[in-house]
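Report on the following structure.
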Amino acid sequence: MKKPLLPFMALIGLAALPPAFAGTPWLEWARSSTLQLVGRCDSRSSRWEGHAIYSYCEVSALRIVHGEPEPGLVVRQRGGEVDGIAQRVSHVTPMEPGGIYLLFLARDSSGAWSPTSKGVNRVVESSDLGDTVGGEPLGEVIRQLGGGN
Amino acid sequence: MKSAPGAIVVAACLAVAQPLNAFQRETTDDPDCTEAPGVDCPHLGTPLSWTVFPVHFFVNADGSGLSFDTARDAISAALSTWQSGSRDGIVFEFGGQSQKGSDGHDGCNVVSWQSLAQGAADIFSQAIITFRRNSGEILDVDIEMNSDSQFAVLPAGEDDPFDERVDLQAVSTHEAGHLVGLDHENRFGSDVVMFFSDTSGNTTHRTLTSDDRSGVLAAYPEPASLGAGTTTAGCTGSGGGGGDGGGGGCALSSSRRATDLWPVAAVFAYLVARQRRRRKS
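As they're listed, the protein sequences go chains A and B. Start counting the first sequence at 13; every next residue gets the next number (the working numbering). Start counting the second sequence at 9; every next residue gets the next number (the working numbering).
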């Protein structure tokens, strides 16, 4: 009678794993971008442009996955804060100064580089996996994106 | 001692069960985060909320592919859903037809259509929230629907992943969740209205889950004190036009159903079976 308990416990344990363990569809997320890189946001500034606030990050490219960024890469994002008024766009991940990101970028209507819909992915250091993004080793994600060299 | 295995199972069940109220509120300080199913972002600041009621909203259906009446009715239904869920803690009032786009300056809350395809072809819609950084008071929320998506009002209950049409009421209900001050809740599965991703051909997000209701009730625990409400001045004219997409919004993704409760169901089934065996013996 006690034996069924263990399989059930194992079943529960497996079922409790977060769905994120299924893996992030990096290729799908990167699909609409023309520039893919790992970069650090060195500084950020925001300003009103017409009816919306935009922020600009000066980005140091740490590793290029696809494409060729020009020197002095600046990434433009909608949202930010000006004089105590903040604006946020649902689903947009704002880049923060000092943050390192796996970026998927495309040119926007102003000609600036702008992240695609899933184009800002924070790189974090893990004690056991080294640099990770979305919980996966960064090197492995870059290999998935075809930028292993 | 005989009840020990049952206690262990119950303890395990409790350990894996997710909190009953896991809703997420937008705050003044939401650090960057990579969202995923099962992954919520941190919220460290003051929660965002409206302080003036009713919250007026305006609709500009140009580019929607729908009649104005159809768009207005679907959007009104979405907002009414949150109002009911809050037990009138937040109250909305339709302000009229607008010619405006999104404009964070004007205090007019406008739902409009524009192409968000640039660098974000998988976007249905996005909400642009303007608020006071120190207090969390919401000043303006505009909702941009992607005119490159095919919007429709689908039959209630439709769940057809091959239908590329996007249910306006379902998408509006999600964006209205941002409008009331909620952020994405990704741990309860895709039936939660505030799940970070949505699918076409599906009306599930027209209906609030208990988690969504808990969220809006937490944000607006008391019945709203009605006054003049948010501004209506100049909101029916033209102007605005929003940004240029901006890369974001509610993304199209493969359908994912809520499976989070099945371990609980497995434990329940086990306990029932065990009880039956006891009765037989």
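Even for Gly, the Cβ is constructed at its ideal location relative to N, Cα and C.
By the Cβ neighbour-count rule, residue 117/A is buried, with 16 or more other Cβ atoms within 10 Å of its own. Residue burial is scored here from C-beta neighbours: residue 187/B has at least 16 other C-beta atoms within 10 angstroms and is therefore classed as buried.
The count of Cβ pairs closer than 8 Å, one atom from the segment 141-151 of chain B and one from the segment 93-105 of chain B, stays below three, leaving the stretches out of contact. Residues of the segment 75-109 of chain A with a Cβ closer than 8 Å to any Cβ of chain B, in chain order: 89, 90, 91, 93, 96, 97, 98, 99, 100, 101, 102, 103, 104, 105, 106, 107, 108. According to DSSP, residue 44/B shares a beta bridge with 47/B. Here residue 112/B is not bridged, per DSSP, to any residue. Here residue 183/B carries a helix assignment [DSSP, helix/strand/coil].
Cα atoms of residue 61/A and residue 94/A: separation of roughly 11 Å, rounded to the nearest angstrom. Against chain A, a Cβ distance below 8 Å from residue 243/B picks out nothing, because the smallest value is about 13 Å. Annotation: residue 223/B is outside any beta strand (DSSP E); the continuous alpha helix (DSSP H) that includes it extends over 218-227. Per the coordinates, the alpha-carbon of residue 84/B lies some 13 Å from the alpha-carbon of residue 68/B.
Residue nearest to residue 60/B within the set 243/B, 236/B, 217/B is 236/B (criterion: CA-CA distance). Approximately 6 Å separates the beta-carbon atoms of residue 55/A and residue 109/A; this is inside 8 Å, confirming the contact.
Excluding five sequence positions before and after residue 131/A, the CB atoms of its chain that fall closer than 7 Å to its own CB belong to 45, 115, 116, 117, given in chain order. 8 Å or more divides the Cβ of residue 221/B from the Cβ of residue 181/B. At a cut-off of 8 Å between C-beta atoms, residue 106/B does not count as an interface residue with respect to chain A. Annotation for residue 78/B: the continuous alpha helix (DSSP H) segment containing it runs 76-93. Contact annotation, residue 184/B with residue 90/B: C-beta distance approximately 5 Å; criterion of less than 8 Å satisfied.
For residue 155/A, the closest Cβ of chain B is not nearer than 8 Å. Contact check for residue 77/A against residue 52/A fails: the beta carbons are separated by 8 Å or more. Listed by position along chain A, the residues whose Cβ is nearer than 7 Å to that of residue 130/B are 129. Among the CB atoms of chain A, one or more fall inside 8 Å of the CB of residue 186/B. Annotation: the segment 59-133 of chain A contains the following complete segments of the beta strand (DSSP E) (minimum length 3 residues), in chain order: 64-78, 85-90, 92-94, 97-101, 112-119.
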